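Have a look at the structure below, then the notes.
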Amino acid sequence: MGNIFHGYKKLADNPLKTHGDLAAALQQLLAPLQPYYSKGMSRLEIGATGASYPAAVAGMEGFSRVLWGLVPLLAGGGSYELWDTVLEGIRNGTNPEHEEYWGKVDDYDQRLVEMAAFGYALALIPDRIWEPLDVEARNNLYAWLNQMNSHPCHDCNWLFFNVLVNIGFRKAGLPYDAGQLEKNLDRLDAFYLEDGWYSDGEEGHCDYYVPFAFHYYGLLYAKLMEQEDPERSHRFKQRANEFAANFLAWFSTDGSAIPYGRSLTYRFSQSAFWGAMAFAGADGLPMGVLKGLLLRNLRWWFSQRIVDAGGILTIGYAYPNLVMAENYNSPGSPYWAFKAFLPLALPADHPFWAAEELPLPEADGLSVQKPAHLVLVRDEGAGHVAAFNSGHRGTNEHTHTSAKYEKFVYSTWFGFSVPRSEWGLSQGAFDSMLALSEAGDNLYRVRRRNTETMIQDNVLHAVWRPWADVEVSTWLVAGLPWHIRIHRIETSRSLDAAEGGYALGIEATPMQRVGANEAVAASPWGVSGVRGLLGYESAGLVWPNANTNVLRPRTVIPTLTASLAPGVHWLVSAVYGEPGQTGAAREPGPAGDSSGSADVSLDDLPDIGLNVTIEEEAITIQSCRGEEIIIPRT
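Heads up, the sequence shown is in full-length UniProt numbering, so the first residue is 1 and it goes up one at a time.
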């Protein structure tokens with residue numbers, strides 16, 4: 001075992017410099033899985049938690065997702081003893097007479113998702129997945145996969161699953177559905193927006209499904225079908241190049257990326273896009289930059305608590321956490337992260353591996369990304385990246401949609417929080433949100449969809465209605481370490497309002513100070529504070545339920561509050577967030593926090609530095625590029 005892993009006792013020990021290092025990391029994640037294969041080897045049964053589909057399908061999902069790492073390992077000339085187990089599982093899982101048969105699929109079935117990995121394998125390593133099977137097993141595998149062409153997928157990134165299965169068939173010399181292939185590629189093209197961005201379906205969100213689904217699969221297509229479909233392959237690469245210039249802004253110098261949107265339990269799939277660019281030969285960034293982006297992200301992830309004591313990837317983000325999980329997250333779901341291992345398909349002397357790892361390119365500290373409704377701000381000195389969010393006109397029924405898509409800001413350092421339940425501020429964990437409750441009711445509503453949105457330089461605007469007779473107009477003045485929030489609230493009912501700042505990770509009681517119009521807390525993870533500039537009545541610290549934040553199990557949220565009678569009200573606040581020392585913040589011990597109310601105050605922090613003037617008749621904002629925005633108050 002030591003030889004396989006180059007002597008690394010844990011993932012964080014791996015320097016991740018070479019092709020061999022990356023292969024060792026994959027093998028270290030694969031090794032604990034062997035005992036959890038079912039008797040017939042066709043299911044990977046690594047946990048007892050449930051998902052929206054049956055346990056047998058969840059076991060098949062785990063089996064399939066391991067292929068995203070194994071296939072490139074084998075394509076690059078590597079080998080691993082687990083492959084014999086995989087072949088036996090394929091024989092049994094696709095055999096209608098076997099007790100572990102994967103079964104007939106339904107429309108929109110989860111198994112349609114998992115078929116994509118088999119199409120990918122047929123296209124990339126037919127000598128390892130097709131040729132070892134006898135005639136009966138080949139017929140069974142083809143018949144089971146070909147169900148894809150008889151059942152619809154959801155009208156979003158799912159359409160790529162059909163594409164991958166059919167190009168797998170085509171590359172392996174098997175009958176494929178050319179009509180379905182073309183129809184799905186055309187439909188996927190309809191979701192393209194601009195600047196490299198896709199919408200994940202009609203009026204869908206722009207989130208990590210753009211890099212690790214749309215572009216990832218598009219780049220696989222570009223490489224595998226370059227000779228057969230040069231025009232579309234070129235278009236996929238060009239769009240990836242455009243997107244790369246925007247996606248760079250999502251990453252910090254330490255390798256971390258902004259936690260935002262759904263499916264965050266797929267973890268280091270965040271950086272799979274960079275490896276896919278290298279695999280396809282997209283030339284929008286130098287190979288050394290791609291290499292640095294991927295490997296720094298993996299190093300960051302491997303320093304987090306993402307595996308259990310047995311080495312199994314857990315559901316969660318920076319630590320095991322079912323609270324933030326999706327309804328479709330089974331115990332095997334996190335292994336979609338293996339998409340990041342695609343560069344193993346490149347030989348060790350490929351330019352990607354031969355290149356010197358380069359740092360993040362220098363860029364403007366402000367990146368306006370209108371298709372994604374985001375303005376990203378980078379504080380190079382602090383190593384902090386924050387994404388300010390104008391919000392979306394549409395929404396969906398996925399878990400915690402408001403928390404994952406409608407907060408005012410998402411941060412590489414402070415993450416974001418999801419509600420534990422619906423009662424009160426502690427269970428709601430309303431960081432980076434304005435939460436409103438009917439007076440005395442203690443049940444809070446937040447932004448879920450918007451009727452208007454706008455971005456002008458570093459100023460974002462949205463109009464939203466938590467009730468039919470309550471309209472909130474919000475302006476955000478993006479910046480770091482300070483930003484400004486302005487709300488005009490027109491209400492026909494009495495309301496309680498709470499404005500939450502960043503959620504600060506804590507272990508013991510943090511340093512803190514609470515005044516009439518400001519609250520601030522400090523720990524080795526940093527400093528978080530809020531200051532009321534207009535309309536707020538009091539300030540305090542909210543202690544959210546444990547495991548609500550995606551980065552830290554325990555947090556505190558500085559919060560401003562006000563009671564609002566029916567009528568029109570203006571609330572203006574300044575919000576501060578500063579990372580702590582990296583070494584102390586990574587794994588502070590129980591004594592790592594100072595206790596009690598110490599001399600930490602917002603007065604000791606840098607000036608706000610954002611040009612906002614509050615007057616009786618109007619609030620005036622000067623954007624970072626000199627544009628003046630006047631908001632009448634009368």
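By construction, the Cβ of each residue, glycine as well, lies at the ideal position given by its N, Cα and C atoms. Computed from a predicted structure; not experimentally measured.
For a quick check, are the C-beta atoms of residue i and residue j less than 8 Å apart?
i      : j      : result
PHE408 : LEU476 : yes
SER402 : VAL470 : no
LEU602 : ARG554 : no
LEU358 : GLU438 : no
GLY394 : GLU203 : yes
LEU541 : VAL527 : no
VAL418 : MET511 : no
TYR37  : GLY89  : yes
SER52  : ASN246 : no
ILE608 : TRP482 : yes
LYS302 : ARG65  : The identity of residue 302 in the sequence shown is Phe, whereas the question assumes Lys. In this structure, ARG65 does not lie closer than 8 Å to PHE302 by Cβ.
MET148 : VAL165 : yes
Going by the DSSP bridge assignment, what does residue i pair with across the sheet?
i      : result
ASP109 : BP columns for ASP109 are empty, so no partner.
ASN389 : LEU374
TYR576 : TRP482 and GLY529
ARG445 : LEU436
GLY505 : THR555
MET454 : HIS461
HIS19  : Its beta-bridge partners do not exist; DSSP assigns none.
THR620 : THR613 and ILE630
GLU518 : ARG531
Taking residue i as the reference, give the member of the options with the closest Cα.
i      : options                           : result
ARG299 : VAL289, VAL572, ILE486 and SER256 : SER256
ALA48  : GLY40, SER333, HIS483 and LEU188  : SER333
SER573 : TRP525, ILE455, GLY505 and GLY535 : GLY535
TYR216 : TRP301, GLN227, PRO320 and ALA244 : ALA244
SER538 : VAL520, PRO524 and ASN545         : VAL520
LYS104 : HIS151, GLY78 and PRO524          : HIS151
ALA276 : PHE414, ALA516 and PHE212         : PHE212
ASN450 : GLU490, ARG420, GLY391 and ILE489 : GLY391
ALA24  : TYR8, SER38 and PRO35             : TYR8
ALA618 : ILE608, LEU26 and HIS487          : HIS487
GLY577 : GLY567, ALA478 and ALA565         : ALA478
PHE251 : ARG239, ASN297, PHE191 and PHE214 : ASN297
ARG420 : PHE160, PRO544, PRO126 and ILE129 : PRO544
GLU490 : ASN241, TRP467 and HIS569         : HIS569
VAL210 : MET225, PHE160 and ARG232         : PHE160
GLU182 : MET225, HIS205 and TRP197         : MET225
Using the Cβ count rule (16 or more neighbours within 10 Å means buried), how would you classify residue i?
i      : result
ASP200 : buried
GLU627 : exposed
GLU114 : buried
GLU131 : exposed
LEU285 : buried
ALA178 : exposed
ASP207 : buried
GLN28  : buried
GLY567 : exposed
THR314 : buried
ASN14  : buried
ASN327 : exposed
GLU406 : buried
MET1   : With a pLDDT of 36 at MET1, under the threshold of 50, the modelled position of that residue is not reliable, and the figure given next carries that caveat. Exposed: under 16 other Cβ atoms inside 10 Å.
THR613 : exposed
SER271 : buried
PRO590 : Caution is warranted here: a pLDDT of 33 is assigned to PRO590, below 50, making its placement in the model unreliable, and the coordinate value is therefore given only provisionally. Result: exposed.
LYS171 : buried
GLU518 : buried
In its own chain, which residues sit with a C-beta less than 7 Å from the C-beta of residue i, not counting the 5 before and 5 after it?
i           : result
PRO361      : LEU248 and VAL289
ALA562      : ALA497, GLY535, TYR536, GLU537 and LEU571
GLU61       : GLN110, GLU114, SER330, GLY332 and SER333
LEU193      : SER199 and PRO371
residue 638 : The structure shown does not extend to residue 638, since the chain spans only 1 to 634, so no value can be given for it.
GLU587      : In this predicted model, GLU587 has a pLDDT of only 40, less than 50, meaning its place in the structure is not dependable enough to derive any value.
ASN95       : TYR101 and ASN140
ASN92       : GLY40, MET41, SER42, HIS98 and GLU100
SER597      : Note on SER597: pLDDT 45, under 50, position unreliable in the model; the coordinate value appears next. Cβ neighbours of SER597 beyond the five flanking positions: GLN512 and ARG513.
Counting only the same chain and skipping the five closest in sequence on each side, list residues whose C-beta sits under 8 Å from that of residue i.
i      : result
TYR410 : ILE258, PRO259, TYR260, ALA386, ALA387, ASN389, PHE416 and SER432
GLY592 : In this prediction, GLY592 scores a pLDDT of 38, lower than 50, which makes its location untrustworthy; the coordinate-derived value is nonetheless stated afterwards. Within the same chain, GLY592 has close Cβ partners GLU507, ALA508, SER523, PRO524 and ALA584.
HIS154 : TYR108 and GLY201
Starting from the C-beta of residue i, find all residues in its chain whose C-beta is less than 6 Å away, skip the five residues before and the five after it, and write them out in chain order.
i      : result
ILE629 : VAL459 and ILE621
HIS19  : ALA348 and TRP353
ASP283 : none
ASN611 : GLN622
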